Amino acid sequence: VTHTDGNIMYGEGENEPRAAASAMKVLTYLALAHSIDLGARFKTSVARNGNELTLIAGGDTMLGAGDSKKDAVNGYAGLGTLAGACIESLRSAKTEKGKFPVFLDTSIYTGPELNPGWEKPDIDSGQITGISPIALDSHTIAGKSGPYGTPARPTDAASAAQQAFVDALNKAGEPHGYSFERKDKRTKPSDATEIASVESATALQHMMLESDNTLAEALTRNAAIAAGRQGSAEEAQKLVREKIEAAGVTTEHLKQADVCGLSLENRVTARMLVQALTKLLEHPRHEELLQGLPVAGKTGTLKERFTEPDAVDARGHVRAKTGTLFTVVALAGYTTRPDGTRLIFALILNDTDSIGGLPQAKKVADAAAAVISDRAPKPSPSPS
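Residue numbers (the numbering used here): 24 to 407.
Laid out in structure tokens, this is it:
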């Protein structure tokens with residue numbers, strides 16, 4: 024626990040490397056804040072070469088299957104809108120009726136889609152999936168749930184998005200005598216010309232509020248590409264380390280297996296998380312960045328937390344990133360005490376089965392945050 028100037032108020036094991044689960048996204052968030060504009064958008068486009076179309080992935084993994092929606096984060100850019108623009112382009116070019124092949128270019132990302140540090144049970148349960156530079160609804164199947172209430176994931180997110188686009192093209196093109204067929208993945212031909220595009224919503228805050236693993240991985244690969252690197256998991260991890268080091272975060276004990284925090288091979292320290300949070304406060308657009316952290320009892324992954332008597336009074340007064348795995352509970356964020364003092368804190372609990380499992384560990388973390396915020400129940404005075 025530190026003040027905003029870095030002075031330590033309390034510390035125990037603050038330099039001990041531990042698995043922090045999704046609280047590790049604090050480091051990713053800081054790196055992204057120093058890599059890409061907070062309002063960054065990613066383009067999904069279509070290029071034409073003769074009568075062949077190529078859908079070109081540009082890093083937007085939150086596409087909707089229908090029309091673009093300005094007021095929705097998830098599905099702001101719609102493949103239905105993109106399809107409609109393609110049909111208008113074909114008509115404007117006086118293209119004859121016929122059947123058109125639709126290829127898919129995903130070459131913006133390189134390397135394996137699945138990280139070797141991810142456990143098979145986490146993949147099978149839907150906690151994570153192969154990372155693609157184009158996907159519907161952040162690599163999920165809308166309206167469906169997987170095991171344990173986790174998201175249902177498509178087997179191939181890129182192909183699922185391509186099929187949704189082809190379906191939208193057929194719907195929009197049928198009245199004009201155009202039909203379309205999904206084809207293989209390939210790199211866009213060098214002489215192909217762009218005929219339509221849509222742009223994504225901004226997504227940094229959404230990644231943090233909902234602790235979206237696939238979005239964290241995709242956004243960091245996009246940031247690596249923007250920095251002139253390959254769009255691979257390895258380059259994404261290097262970018263995070265380099266950016267947080269440049270910001271002033273000590274990385275001596277940092278061990279990276281991904282950028283979303285899902286792998287149990289990751290290691291961070293509580294001091295590292297507090298340093299990163301301090302640097303976020305120093306960012307020129309820190310007020311916007313703070314909006315990405317869930318509020319206790321109010322938003323995101325903390326909406327259903329802080330319900331016990333020893334923590335309930337801190338609801339609305341703690342803003343923090345959660346971290347949860349089968350044996351890990353972490354909480355890292357800010358709180359302002361009743362006297363106006365703002366404190367930064369990071370709690371990392373490993374081997375949670377030794378203290379009653381995840382439910383009990385979450386209660387411990389919430390109660391500790393309530394004490395830090397000076398909103399824990401005060402003990403009754405002893406009778407005289």
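Note that the Cβ used here is the ideal one computed from N, Cα and C, for glycine as well.
If you're wondering where the values come from, they're calculated on a predicted model, not measured in any experiment.
Give the single residue among P361, G363, I367, D362 whose Cα lies nearest to the Cα of L354.
-> With distances taken between CA atoms, L354 lies nearest to I367 out of P361, G363, I367, D362.
How is the beta strand (DSSP E) around I146 delimited, first residue to last?
-> That residue, I146, is in no beta strand (DSSP E); its alpha helix (DSSP H) goes 143 to 148.
Is K211 closer than 8 Å to D128 when the C-beta atoms are compared?
-> Closer than 8 Å, so yes.
What's the call for K401, buried or exposed, on a 16-neighbour Cβ count within 10 Å?
-> Counting C-beta atoms within 10 angstroms of its own C-beta, K401 has fewer than 16 neighbours from the protein chains shown and is therefore classed as exposed.
Please determine if the segment 330 to 345 and the segment 357 to 367 are in contact, where contact requires at least 3 C-beta pairs separated by less than 8 Å.
-> Look at the beta carbons and you see the segment 330 to 345 touching the segment 357 to 367: at least three pairs across the two are nearer than 8 Å.
To which residues of the same chain is A175 closer than 8 Å at the C-beta, ignoring the five residues directly before and after it?
-> If the five residues before and after A175 are omitted, its C-beta is found closer than 8 Å to the C-beta atoms of G149, T163, I164, K167, S168, G169, all from its own chain and listed in chain order.
Alpha carbon of A12 to alpha carbon of A390, nearest angstrom | What is shown of the chain runs 24 to 407, which leaves residue 12 out entirely.
CB contact flag (F203, F123, <8 Å) = Result yes, Cβ atoms of F203 and F123 sit closer than 8 Å.
Proximity winner among W141, A226, G81, relative to G284 (alpha-carbon distances) | Ranked by Cα distance from G284, the options W141, A226, G81 are led by W141.
Whose C-beta lies closer than 6 Å to the C-beta of I59 among residues of the same chain, with five residues either side of it excluded?
-> Non-local C-beta neighbours of I59 in its own chain, meaning closer than 6 Å and more than five positions away in sequence, comprise A246, A249, ordered along the chain.
Alpha-carbon spacing of H57 relative to G81, whole angstroms = For H57 and G81, the distance between alpha carbons rounds to 20 Å.
P18, buried or exposed, once every other Cβ within 10 Å from all chains shown has been counted against 16 = Any question about residue 18 goes unanswered here, given that the chain covers just 24 to 407.
Integer Cβ distance of A42 from L370, believed to fall under 8 Å | Wrong, their Cβ atoms sit about 13 Å apart, outside the cutoff.
Would you check if the segment 285 to 302 and the segment 24 to 39 touch, i.e. whether three or more CB-CB distances between them fall below 8 Å?
-> Short answer: they touch.
In the DSSP assignment, what are the bridge partners of R41?
-> Looking at the DSSP assignment, R41 forms a beta bridge with V291.
Do the segment 308 to 318 and the segment 273 to 288 meet, that is, are 3 or more Cβ pairs less than 8 Å apart?
-> No, the segment 308 to 318 is not in contact with the segment 273 to 288.
Hey, how far is the Cα of A100 from the Cα of Q185?
-> Going from the Cα of A100 to the Cα of Q185 covers about 14 Å.
With a CB to CB cut of under 7 Å and the five nearest residues on each side skipped, what residues in its chain are close to K193?
-> Reading off the sequence shown, one finds Asn at residue 193, where the question assumed Lys. Excluding residues up to 5 positions away in sequence, S202, F203 lie with their Cβ nearer than 7 Å to the Cβ of N193 in the same chain.
Using CA coordinates, which residue listed in T51, R308, G62 is at the minimum distance from L225?
-> What sits at residue 225 in the sequence shown is Thr, not Leu. A check of alpha carbon separations from T225 across T51, R308, G62 identifies G62 as the nearest.
Excluding the five sequence neighbours on either side, which residues of its own chain have a C-beta within less than 8 Å of the C-beta of A399, listed in chain order?
-> These residues qualify, in order along the chain: D333, A334, D336, A337, A390, A393.
For E327 and T345, the rounded distance between their alpha carbons | Taking the Cα positions, T345 is about 12 Å away from E327.
Same chain, Cβ closer than 7 Å to E311, five either side skipped, listed in chain order | The residues L61, in chain order, have a CB closer than 7 Å to that of E311 in the same chain once the five nearest residues on each side in sequence are set aside.
Starting from K48, trace the beta strand (DSSP E) both ways and give me its first and last residue.
-> Annotation: K48 is outside any beta strand (DSSP E); the continuous alpha helix (DSSP H) that includes it extends over 48 to 56.
Distance, G196 Cα to I131 Cα | Linking I131 to G196 through their CA atoms gives a straight-line distance of about 28 Å.
Which residues in the same chain have their Cβ closer than 7 Å to the Cβ of H309, if we skip the five residues on either side of it in sequence?
-> Around H309: L303.
Could you check which residue in Q253, D179, G29 has the C-alpha nearest to that of K208?
-> Ranking the options by Cα distance to K208, first place goes to D179.
Unbroken stretches of the alpha helix (DSSP H), 4 residues or longer, contained in the segment 220 to 274 | Fully enclosed alpha helix (DSSP H) runs of 4 or longer: 227 to 232, 236 to 249, 256 to 270.
Segment contact, 8 Å Cβ cut-off, at least three pairs: the segment 106 to 115 with the segment 214 to 221 | Here the segment 106 to 115 makes contact with the segment 214 to 221; the two share three or more CB pairs at distances below 8 Å.
Hey, could you find the ends of the beta strand (DSSP E) E204 is sitting in?
-> In the DSSP assignment, E204 falls within the unbroken beta strand (DSSP E) covering 201 to 208.
Identify the continuous beta strand (DSSP E) that holds S68 and give its terminal residues.
-> Counting along the chain, the beta strand (DSSP E) containing S68 begins and ends at 66 to 72.
What is the residue span of the beta strand (DSSP E) that F329 lies within?
-> In this chain, F329 is not harboured by any beta strand (DSSP E), its DSSP state being neither H nor E.
What's the gap between the Cα of D145 and the Cα of A116?
-> Here the C-alpha atom of D145 lies approximately 48 Å from the C-alpha atom of A116.
For G346, which beta-bridge partners are listed by DSSP?
-> Secondary-structure assignment with DSSP links G346 through a beta bridge to A353.
Enclosing beta strand (DSSP E) for R176 [first to last residue] = From DSSP, R176 is part of no beta strand (DSSP E); its letter is neither H nor E.
P307 versus A270, L287, N289, P135, residue with shortest Cα-Cα distance | Checked all of A270, L287, N289, P135; the closest Cα to P307 is A270.
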